[in-house]
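Asker: Each number in the numbering used here corresponds to the 1-based position in the sequence shown with 801 added. Got a structure for you, questions after.
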Amino acid sequence: MKKTLALLLLAVFLLIGLGFGYPLFLRKWQAPLGPSLGLPTSTPTVEIATPTEPLPVKTIVSTEHSALPPTATATATPAPLCGGPPLMYILAIGADSGQSYDYGLADAIRVVRIDFVTPKVTALTFPRDLWVEIPDIATKYNITQGKLNQAYFYGGKGMGYYQGEGEGPGLLARTLQLNFGVRVDHYGAINMNTFVKLVDAVGGIDLYLPEAVDGTSEDPMTIDLGYFPAGQHHFTGEEALRFARIRKKYSDFARQDHQTMVLCALRAKLKEPSVYARIPQIISAFQGAVQTDLSPQQLTQLACLLPHLKRENILFASFPPELLPPGRVYNPYYKKTTFAIQADNQALREYVEKFIAGTWPDQPEEPACP
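What follows is the structure in structure tokens.
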């Protein structure tokens, strides 16, 4: 009798614990890991339920050779995979800071369109040197313009320039919306140290270079990033970072291509069964080292989508080079004339609209990722 009573009491306490604990767990599971952007999103924030039955769609059947009336047939409506929304737009940032996210410029800027229905991922690169209008800091600091990568810099918590939501990613997102009409739902920023540790955590990456890439320095003021001969390579995190930053003897467009090669290699590594099985642990280990407003639930949805992505459904887009004329502009922060891209923002907006609609870029003949 005493044993039965003890078991009943234990069951009651467990039920009470679950009753109080589950809502707390759910809140943490769905809570953003960093400051939210505080912007209207591109996609509606609705709960997506997994349909238990196909939705009926009326189909008209020809009665030319039949006396039967038109019938309704059940046609399955595609549902988003992995419990995600139909579409999600993420601002992806590679920060040039070493340890924290309080300071630093945005070294790489991409807006990623994630289609959970097809599924498909398209990443659009925004050159960091685009000369843009920067909102929300003029009244106190009299700064209204700068390079696109400076928006992230001015928004950094350590700078004290920007008091709005989302810190550096928040001001960068507002700058992108103001100049190019692109609105993002979430952001993710990774600094150099974290990138190195992440690549090392998956065991390095493998990629093939069709030709040599020379990042050696010819002047003491320039960082020596090394020389990478043509052929097959296995990169550690530190080597992958150096390779992804090379541009001095080439161009920023070449560096974007290098970064794309690294991303493709990282994606291939994450799909390896031994690594894919550890993605939850990797996400957990790096939660405090990545600047993001995604929730653990959303990160899990993104990881779940990875094995469903076909190579041909991973696309990388860049604006046509002829729309990105180089120039020299007086930069008020540096108090000198600096290199900048003085683009026709309206022309870029037209490409952004097609990107958002999913009609650009065109499907390449060969997959972007080998």
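All residues carry an ideal CB built from backbone N, CA and C; glycine is no exception.
Quick one, which of Arg975, Pro1121, Ser1096 and Ala974 has its alpha-carbon nearest Lys829's?
Answerer: Of the listed residues, the one whose Cα sits closest to Lys829 is Ser1096.
Asker: For Gln1164 and Ile1115, I'd like the C-alpha separation in whole angstroms.
Answerer: One C-alpha to the other measures close to 10 Å.
Asker: Could you please give the first and the last residue of the uninterrupted alpha helix (DSSP H) stretch that includes Lys941?
Answerer: From DSSP, the alpha helix (DSSP H) with Lys941 extends over Ala939 to Tyr942.
Asker: Comparing alpha-carbon positions, which option in Thr926, Thr923 and Ala974 lies nearest Thr1093?
Answerer: That would be Ala974, whose Cα lies nearest to the Cα of Thr1093.
Asker: Excluding the 5 residues preceding and the 5 following Glu848 in the sequence, name in chain order all residues of the same chain whose CB lies nearer than 8 Å to its CB.
Answerer: With a pLDDT of 45 at Glu848, under the threshold of 50, the predicted position of this residue should be treated as unreliable, though the coordinate-derived value follows. Excluding positions up to five away in sequence, the list is empty.
Asker: In whole angstroms, what separates the C-alpha of Val922 from that of Glu1113?
Answerer: Answer to the nearest angstrom: the Cα atoms are 10 Å apart.
Asker: In chain order, what residues of the same chain have a beta carbon less than 6 Å from the beta carbon of Gly885, not counting five sequence neighbours either side?
Answerer: Same-chain partners within the cutoff: Phe917 and Gln1102.
Asker: In the region 1111–1156, which residue ranges form an unbroken beta strand (DSSP E) of at least 3 residues, counting only runs that do not cross its ends?
Answerer: You should have 1115–1119, 1127–1132 and 1137–1142.
Asker: Compute the beta-carbon to beta-carbon distance between Thr945 and Ile935, rounded to the nearest angstrom, for a pair I have assumed lies under 8 Å.
Answerer: Yes, Thr945 and Ile935 are in contact; Cβ-Cβ is about 7 Å, under 8 Å.
Asker: Starting from Arg914 and walking both ways along the beta strand (DSSP E), at which residues does that stretch end?
Answerer: Note, Arg914: beta strand (DSSP E), Ala907 to Asp916.
Asker: Is the region 903–915 close to the region 995–1010, with three or more CB pairs under 8 Å?
Answerer: Result no; under three Cβ-Cβ pairs closer than 8 Å.
Asker: Is the number of C-beta pairs between the region 1067–1074 and the region 1047–1057 that are closer than 8 Å three or more?
Answerer: At 8 Å Cβ cutoff, the stretches do not touch.
Asker: When DSSP labels each residue in this structure, what does Leu993 get in the three-state scheme?
Answerer: A small fix is needed here, since residue 993 is Met in this sequence, not Leu. Helix, per DSSP.
Asker: Would you tell me roughly how many angstroms separate the C-alpha atoms of Leu1064 and Ala1031, rounded to the nearest one?
Answerer: The straight-line gap from Cα to Cα measures roughly 19 Å.
Asker: Leaving out the 5 sequence neighbours to the left and right, which residues in its chain are closer than 6 Å to Pro1153 when beta-carbon positions are compared?
Answerer: The amino acid occupying residue 1153 in the given sequence is Val; Pro does not appear at that position. So the qualifying residues of the chain are Phe981, Gly982 and Val983.
Asker: Taking the alpha carbon of Pro1121 as the point to measure from, which residue in Gln1099, Trp1161 and Lys1111 has its own alpha carbon closest?
Answerer: Measuring from the Cα of Pro1121, the nearest candidate turns out to be Trp1161.
Asker: Looking at the strands, I want to know which residues DSSP matches up with Leu838.
Answerer: Its beta-bridge partners do not exist; DSSP assigns none.
Asker: Is the CB-CB distance between Tyr1028 and Gly1038 below 8 Å?
Answerer: No. Outside cutoff.
Asker: Which runs of the alpha helix (DSSP H) fall wholly inside the region 1006–1085 and span at least 4 residues, in chain order?
Answerer: Here the runs fully enclosed are 1038–1046, 1053–1071 and 1074–1077.
Asker: The beta strand (DSSP E) with Glu934 in it runs from where to where?
Answerer: Looking at the DSSP string, the run of the beta strand (DSSP E) that includes Glu934 is Trp932 to Glu934.
Asker: In whole angstroms, what separates the C-alpha of Gly971 from that of Leu949?
Answerer: The straight-line gap from Cα to Cα measures roughly 13 Å.
Asker: Which residues in the same chain as Val912 place their Cβ atom closer than 8 Å to its Cβ, once the five residues preceding and following it in sequence are excluded?
Answerer: Counting only Cβ-Cβ distances below 8 Å, and skipping sequence neighbours, we find Tyr890, Ile891, Leu892, Ala893, Ala924, Leu925, Phe927, Leu977, Val983, Val985 and Phe1156.
Asker: Since Phe1140 and Pro1127 should fall inside the 8 Å C-beta cutoff, what is the C-beta to C-beta distance between them, to a whole number of angstroms?
Answerer: Going by Cβ atoms, the distance from Phe1140 to Pro1127 rounds to 7 Å, so yes, they are a contact pair.
Asker: Taking the straight line between their C-alpha atoms, what separation do you get for Ala1148 and Leu1125?
Answerer: Answer to the nearest angstrom: the Cα atoms are 10 Å apart.
Asker: Helix, strand or coil: which one does DSSP assign to Glu848?
Answerer: No answer about Glu848 holds up, because its pLDDT of 45 lies below 50 and its placement is not dependable.
Asker: Within the 8 Å Cβ cut-off, does Leu1095 reach chain D?
Answerer: Reference to chain D is not applicable here, since this structure consists of a single protein chain.
Asker: Could you tell me whether the Cβ atoms of Phe1036 and Ile1006 are closer together than 8 Å?
Answerer: Contact flag set, yes.
Asker: Let's see if you can read the secondary structure: which residues bound the alpha helix (DSSP H) around Tyr955?
Answerer: Tyr955 -> alpha helix (DSSP H) spans Leu949 to Gly956.
Asker: Kindly list the residues whose CB is nearer than 8 Å to the CB of Arg1056, restricted to its own chain and excluding five residues on each side of it in sequence; keep chain order.
Answerer: Hits under 8 Å: Ala1045, Arg1046, Ile1047 and Arg1048.
Asker: Taking a contact to mean a Cβ-Cβ separation below 8 Å, would you say Glu1040 touches Leu838 in this structure?
Answerer: Taking 8 Å as the Cβ cut-off, Glu1040 and Leu838 do not qualify as a contacting pair.
Asker: Short of 7 Å in beta carbon distance, which residues of its chain neighbour Gln964, apart from the five on each side in sequence? Order them along the chain.
Answerer: Cβ within range, chain order: n/a, list empty.
Asker: Please report how far the alpha carbon of Lys941 lies from the alpha carbon of Tyr962, in whole angstroms.
Answerer: Taking the straight line joining both Cα atoms gives about 8 Å.
Asker: Going by DSSP in three states, Ala1169 sits in which element: helix, strand or coil?
Answerer: In the structure shown, Ala1169 sits in coil (DSSP, three-state: anything other than H, G, I, E or B).
Asker: CA-CA distance, Leu834 and Gln1088?
Answerer: Computed Cα separation, rounded: 8 Å.
Asker: Which residues bound the alpha helix (DSSP H) around Ala880?
Answerer: Run containing Ala880: none; DSSP gives neither H nor E here.
Asker: State the DSSP-derived secondary structure class of Thr976, mapped to helix, strand or coil.
Answerer: DSSP places Thr976 in helix when its eight states are reduced to three.
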